[in-house]
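Numbered according to my numbering, the sequence shown spans residues 67 to 133. A quick write-up on the structure given underneath.
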Amino acid sequence: MSLTVIGTGHVFNIGDSVMFLVKHSWPDAVCVELDEMRYHALTGDKEALRRDLEARGIDPTRTGRSA
């Protein structure tokens with residue numbers, strides 16, 4: 067078994083390269099590291115997401131605005 071680690075970040079435009087690698091290497095597993103706010107957004111935990119946004123000074127009722 068081999069392990070390939072790919073450094074990524076939401077500010078880097080490498081999504082196509084990562085997708086190509088996954089589609090063509092057929093890995094047994096793919097792991098993704100998420101920060102707490104993104105995890106709550108993906109899992110649908112709206113209350114936890116609201117708390118995360120407010121803790122960062124973001125008003126969850128107004129996209130892109132500070133609280």
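Each residue gets a CB set at the ideal place from its N, CA and C atoms; glycine is no exception.
Distance from the Cα of threonine 70 is smallest, within the candidate group Thr127, Asp94, His106, Gly110, for Asp94. Aspartate 118 sits away from glutamate 99, with the two beta carbons spaced by 8 angstroms or more. About 5 angstroms separates the beta carbon of leucine 115 from that of alanine 107, a gap short enough to meet the 8 angstroms contact definition. Looking at the backbone, the Cα of threonine 109 and that of serine 83 are separated by about 25 angstroms.
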